[in-house]
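Its first residue numbered 270, the sequence shown is counted upward by one per residue in this note's numbering. Report on the structure given below.
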Amino acid sequence: MIVVTSANGIVGIREAIEILRGGGSALDAVEAATRLVEANPDDHTVGYGGYPNVMGEVELDASIMDGRTLRAGAVGALKNYKHPISVARKVMEELPHVMLVGEGASRFAAEMGFQAENLLTEEAAEVYRQGISGALPEDKRDWLTGGIENNLARLAKITADPERAAGTVNFIAQDNQGNIACAVSTSGWAWKYPGRLGDSPIIGAGNYADNRHGACGCTGWGEIAIRCSTARSVVLYQRLGFGLEQACRQAMLDLAHATDDPASAIMSLVAINRDGRPIGMTTIPGRTYVWMTPEMAEPVEEPRIVVDLTEAR
Ligand code: GLY
Numbered sequence: 270m271i272v273v274t275s276a277n278g279i280v281g282i283r284e285a286i287e288i289l290r291g292g293g294s295a296l297d298a299v300e301a302a303t304r305l306v307e308a309n310p311d312d313h314t315v316g317y318g319g320y321p322n323v324m325g326e327v328e329l330d331a332s333i334m335d336g337r338t339l340r341a342g343a344v345g346a347l348k349n350y351k352h353p354i355s356v357a358r359k360v361m362e363e364l365p366h367v368m369l370v371g372e373g374a375s376r377f378a379a380e381m382g383f384q385a386e387n388l389l390t391e392e393a394a395e396v397y398r399q400g401i402s403g404a405l406p407e408d409k410r411d412w413l414t415g416g417i418e419n420n421l422a423r424l425a426k427i428t429a430d431p432e433r434a435a436g437t438v439n440f441i442a443q444d445n446q447g448n449i450a451c452a453v454s455t456s457g458w459a460w461k462y463p464g465r466l467g468d469s470p471i472i473g474a475g476n477y478a479d480n481r482h483g484a485c486g487c488t489g490w491g492e493i494a495i496r497c498s499t500a501r502s503v504v505l506y507q508r509l510g511f512g513l514e515q516a517c518r519q520a521m522l523d524l525a526h527a528t529d530d531p532a533s534a535i536m537s538l539v540a541i542n543r544d545g546r547p548i549g550m551t552t553i554p555g556r557t558y559v560w561m562t563p564e565m566a567e568p569v570e571e572p573r574i575v576v577d578l579t580e581a582r
């Protein structure tokens with residue numbers, strides 16, 4: 270048994286381990302842990318307190334995957350519901366679908382009894398105001414007056430802040446039955462175009478779990494993980510016989526071909542193999558990940574292995 274998470278998952282990992290200690294499922298563990306990150310107002314990349322889109326509206330993406338059955342649920346561009354991971358799980362369990370977005374996702378959340386609430390904190394709103402106007406040159410400040418909605422594409426292109434694009438939370442758990450589950454949740458790229466989906470809600474891009482081979486969750490520039498199906502690649506490379514580290518490294522190197530500037534690409538992943546061995550990998554030196562087993566009193570935070578994407582060229 271094990272739980273593995275991105276560094277910001279530290280607020281939820283003990284809860285996940287308690288569930289596993291009590292004989293609970295990997296699915297319950299990753300959902301419960303993710304909810305604690307979604308409720309954390311200090312995390313501006315996930316859930317409540319997340320940075321908004323270019324119009325100042327918080328839009329959340331999340332997905333959950335059951336490695337025993339390959340069932341999955343996802344929501345994208347969900348507004349006003351603090352726990353997209355739980356709505357995603359309901360999609361998996363209550364509908365014959367995998368993904369709902371936008372209005373349909375909100376409608377479904379309400380139908381399932383989730384309470385709507387404002388997710389934009391004062392702190393996030395202030396960073397948004399400064400981020401949007403600060404990124405615009407003087408001669409373009411008038412884009413913010415007289416109807417921001419008339420300039421959304423131009424604004425999102427100029428103001429989207431790649432440094433704030435990379436946050437997301439990943440949780441992978443393996444329970445006492447050997448079942449693996451993976452949950453991913455994010456508020457996405459700050460100041461994104463309304464309706465933009467990253468990799469987090471896309472099964473195979475930001476999230477994949479398969480009991481037979483392992484699991485992977487991604488954080489970073491969703492656009493490149495979507496183009497390369499990164500999470501599924503990690504699992505598939507293991508299926509093809511690569512060891513865990515080699516599988517992750519190859520999936521990361523594949524990303525170099527999806528960007529004009531591999532040296533500045535931001536991507537991190539956490540993964541496990543089918544035996545529950547954990548790993549964290551990144552393009553950014555200094556990034557960490559966290560893991561814990563039920564036998565441990567405290568989680569450990571370890572450096573991720575750094576991959577230089579220019580090696581792929
Ligand atoms: N990886 C999160 C996103 O791109 O939205």
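Even for Gly, the Cβ is constructed at its ideal location relative to N, Cα and C. Given the structure is predicted, the values throughout are model-derived calculations rather than measurements.
If you draw a straight line from the C-alpha of residue 420 to the C-alpha of residue 403, how long is it? 16 Å
What is the DSSP secondary structure of residue 498, reduced to helix, strand or coil? coil
Measuring only between beta-carbons, confirm whether residue 529 sits less than 8 Å from chain B. Checking the listed chains, one finds no chain B in this structure; it contains a single protein chain.
In terms of residue numbering, what span does the alpha helix (DSSP H) encompassing residue 331 cover? No alpha helix (DSSP H) contains residue 331, which is instead part of the beta strand (DSSP E) from 329-335.
For residue 373, three-class secondary structure by DSSP: helix
Looking at residue 468 and the ligand GLY, is the gap between the Cβ and the nearest heavy atom below 7 Å? yes
Would you say the beta carbon of residue 528 comes nearer than 7 Å to a heavy atom of the ligand GLY? no
Find out if the Cβ-Cβ distance for the pair residue 369, residue 335 is shorter than 8 Å. no
Inter-residue spacing [alpha-carbon to alpha-carbon] between residue 274 and residue 411: 43 Å
Just how far apart, CA to CA, sit residue 442 and residue 333? 11 Å
Starting from residue 479, follow the beta strand (DSSP E) in both directions and report where the run begins and ends. 476-479
Can you tell me whether DSSP reads residue 306 as helix, strand or coil? helix
Since residue 556 contacts residue 513 with CB under 8 Å, what's their CB separation in whole angstroms? Between residue 513 and residue 556 the Cβ distance is about 18 Å, and since that is not below 8 Å, they are no contact.
Out of 559, 422 and 553, which one is the CA nearest neighbour of residue 576? 553
Simplified DSSP assignment, three categories, for residue 573: coil
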